[in-house]
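Protein chains in written order, with my numbering: chain W, 1187 to 1286; chain F, 3 to 642. Each residue gets a CB set at the ideal place from its N, CA and C atoms; glycine is no exception. Please read all numbers here as calculations on a predicted model, not as lab measurements. Contents: one structure, followed by commentary.
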């Protein structure tokens, strides 16, 4: 069995990629996917600790996260579609109406 | 001591209070007639009760008896126990009977004088409130309740001086009286507080019973007495705080008669007499009082010589007579001062009311240059005014003669007095006789100089009847104090002296009957000379006054312009105050206070304008700050 550090480093790398994607990319869909990436990085961490500690709680949490992510995708994609109909664009920088 | 009859004393101030409440709350709905009846009726009841109490008190045949009645606890804080309680003794009873009697007559007179005035009910409400406060002042058995009355009469004085407040001049006269009085009240309050610090009580009897441990000339007692006297200076219009009284003549004439002649202005005299046990321990304060009194008497009389306004003459005369009373108090002749207070209330109240009657006859004319020849037109007013003038001049047989002569003799024979103070008093007596008869001759004799379309008419009975009664009192009022020299017993002196302090040294009263006769003769001669001079000046050779005025132009102008004291005060105090106020307004208020308030608003606005840039609307920006924020939080828990 691989030691737990491997899983954790992997999850950390995945999370960092996700953060970078959210902060740097302009395409909303990509940003969205990056968020999924971050969520899955967390899932990997949960699973790793669950196995390590012999505790099923972590895996139950992962199911919750996956359910939430599915719901989020449903709402988020709907928003993006509505956004595109209004703006004819899926660029994050065009979504800046809510400001001073 | 408890005495069931004398415990009824609380009824005396209660009646005017009821009158004030009725007239003040329901006055407009009651109608003028009912207001007048209530207003004077309550004073009549008060007078009846006061007279009854006086008879009871005299029936005790117990000199110097003091009765205390406690109504209720007023203030009770730590060491300080104050109750609303009254003291009945010879001094307060004399004042109460005088106040209620004179006030009743003046209230009746006012029904006629104020007839048809828009503020009729308001006037009677104020007058009743004044009577209530004045009675509280004299009946109180401690300095704080006295102070309540003291402030109360000041308030009513302010309200009544500015009674016709639509006129700016009247309103500012009221303010002037209030502000100048406030300076004096400050001294009174400080004196009362120093008393409490020293003796641990405000009550007269408790204070006076502790005085045995204090030697003559004690510093604290001197300070207390001087501070109290500052209060008296303000209230009783002495130098240098007398300036409000002549202006106070802006009020209706009954107000001048009641407040500014008979009662309120004598509160200072009463207060000093009440505190006589303190004053005899402070010879320095006594000297100050005597000198201030003498100076005021002479000073005010010299101004009265040249005034043309009939009420102003009487006002300066009042100041001068109050100076007389303080002169008496200052030499330790407390009972003589109080005696003069009593007779002065009669004849000065009379003359003010008579002057009001003259004004009533001439459509509110106050300038004597537009009077003259009224003798035949308004005979009742003339006769009564003449009696008042004769009384104040000290013509033998009238009340003023007895009180003034007693006073001057005491001033001469007192160990604290002397020939110089007597001389000032005697000269003032001459001036008094002169200006009073100048007023009589200018008003009632000579040709009529009325403004056109004036029809002089005698006042209604409501006004002349009080005049007649007061004239009667001005004649017989002095017989309560006929000196031993003229075969009397000087009853009032024996009546009062039991509740007053005595100087440690004896009066040289029995020095010499010849001396007393001589001085009496001299003062009568001086008064006669004053009257004769006035006759020569204003009836026989009318060109003389103008000639003299032209010859002694400087002296005449000085007197005519009241020694420019008002202008001096205006320059020294009023203008300075305005300068300071303007500075405070421009620098302190506009810059500092407004600056702080506006600055706080500006600060919020500017910082908001800067900070709003943070809300850019860029989602990735928000995400970045979220990320950095969580990093910082994690870092904090990681590295701490």
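Quiz prompt | Same chain only: Cβ atoms within 7 Å of residue 1227 of chain W, ignoring 5 sequence neighbours per side | solution = If we look at residue 1227 of chain W and ignore the five residues flanking it on each side, its Cβ neighbours are 1197, 1200, 1201, 1204.
Practice problem: Work out the CA separation of residue 1256 of chain W and residue 619 of chain F for me, nearest whole Å. | Solution: 27 Å
Quiz item: How long is the line joining the alpha carbons of residue 3 of chain F and residue 92 of chain F, rounded to whole angstroms?
Solution: Because the pLDDT at residue 3 of chain F is just 48, under 50, the model does not fix this residue reliably, and the point stays unresolved.
Quiz item: Going along chain F, which residues have a C-beta under 7 Å from residue 1285 of chain W?
Solution: 617, 618, 619
Exercise. Can you give me the start and stop residues for the alpha helix (DSSP H) that residue 172 of chain F sits inside?
Key: Start and end: 170-201.
Quiz item: Which first and last residues belong to the beta strand (DSSP E) in which residue 84 of chain F is found?
Solution: Looking at the DSSP string, the run of the beta strand (DSSP E) that includes residue 84 of chain F is 82-90.
Quiz item: Is DSSP giving residue 478 of chain F helix, strand or coil here?
Solution: helix
Quiz prompt | Near-chain F residues of the segment 1269-1283 of chain W - C-beta to any C-beta below 7 Å | solution = 1278, 1279, 1281, 1282, 1283
Exercise. Look up residue 436 of chain F in the DSSP assignment and say whether it is helix, strand or coil.
Key: helix
Practice problem: Run the CB neighbour count on residue 336 of chain F, radius 10 Å, all protein chains shown included, and call it buried at 16 or more, exposed below. | Solution: buried
Quiz prompt | Simplified DSSP state of residue 455 of chain F, which is helix, strand or coil | solution = coil
Quiz item: Is DSSP giving residue 77 of chain F helix, strand or coil here?
Solution: Strand, per DSSP.
Quiz prompt | Whether residue 141 of chain F touches residue 88 of chain F by CB criterion (8 Å) | solution = yes
Quiz item: If you run the structure through DSSP and keep just helix, strand and coil, what is residue 362 of chain F?
Solution: helix
Quiz prompt | Interface positions of the segment 1204-1225 of chain W facing chain F (Cβ-Cβ less than 7 Å), listed along the chain | solution = 1205, 1208, 1209
Quiz item: Count the other CB atoms within 10 Å of the CB of residue 1208 of chain W; is the residue buried (16 or more) or exposed (fewer)?
Solution: buried
Quiz item: Of the choices W:1187, W:1214, W:1190, W:1192, whose alpha-carbon is the least far from that of residue 1275 of chain W?
Solution: W:1214
Exercise. Name, please, each residue of chain W whose Cβ falls closer than 9 Å to the Cβ of residue 586 of chain F.
Key: Neighbours of residue 586 of chain F on chain W: none; closest Cβ ~42 Å, over 9 Å.
Quiz prompt | Cut-off 7 Å between Cβ atoms - residues of its own chain near residue 300 of chain F, not counting five sequence neighbours on either side | solution = 426, 429, 430
Quiz item: DSSP puts residue 1295 of chain W in a beta bridge; with which residues?
Solution: In the structure as shown, chain W begins at 1187 and stops at 1286. Residue 1295 of chain W is therefore absent and cannot be evaluated.
Quiz item: Under the three-state reduction of DSSP, which class applies to residue 63 of chain F: helix, strand or coil?
Solution: coil
Quiz prompt | Where the alpha helix (DSSP H) through residue 596 of chain F begins and ends | solution = From DSSP, the alpha helix (DSSP H) with residue 596 of chain F extends over 596-613.
Quiz item: Is the number of C-beta pairs between the segment 174-192 of chain F and the segment 249-265 of chain F that are closer than 8 Å three or more?
Solution: yes
Self-check item: Inter-stretch contact at 8 Å, needing at least 3 Cβ pairs: the segment 10-29 of chain F / the segment 129-144 of chain F
Solution: yes
Quiz item: With respect to the alpha helix (DSSP H) encompassing residue 210 of chain F, which residues constitute its N-terminal and C-terminal limits?
Solution: 206-211
Quiz item: Short check: CB of residue 381 of chain F to CB of residue 526 of chain F, under 8 Å?
Solution: no
Self-check item: Close Cβ partners of residue 264 of chain F (< 6 Å) along its chain, the five nearest in sequence each way excluded
Solution: 104, 347, 351.
Self-check item: Buried or exposed (CB count within 10 angstroms, at least 16 for buried), residue 322 of chain F
Solution: buried
Quiz item: Based on Cα-Cα distance, which residue from F:64, F:39, F:434 lies nearest to residue 317 of chain F?
Solution: F:434
Quiz item: Among F:38, F:341, F:408, which has the Cα closest to the Cα of residue 479 of chain F?
Solution: F:341
Self-check item: Distance between beta carbons of residue 1248 of chain W and residue 1229 of chain W, contact taken as under 8 Å
Solution: 5 Å
Quiz prompt | Within 8 Å, strictly: CB atoms of residue 364 of chain F and residue 456 of chain F | solution = The Cβ atoms of residue 364 of chain F and residue 456 of chain F lie closer than 8 Å to each other.
Quiz item: Quick one: what's got a C-beta closer than 6 Å to residue 254 of chain F's C-beta in the same chain, skipping five residues either side?
Solution: 165
Quiz item: What do you reckon, are the CB atoms on residue 279 of chain F and residue 503 of chain F nearer than 8 Å?
Solution: In this structure, residue 279 of chain F lies near residue 503 of chain F, with their beta-carbon atoms less than 8 Å apart.
Quiz item: Any chance the segment 268-283 of chain F sits against the segment 528-536 of chain F, with 3 or more Cβ pairs inside 8 Å?
Solution: No: the two stretches stay apart, fewer than three of their Cβ pairs being nearer than 8 Å.
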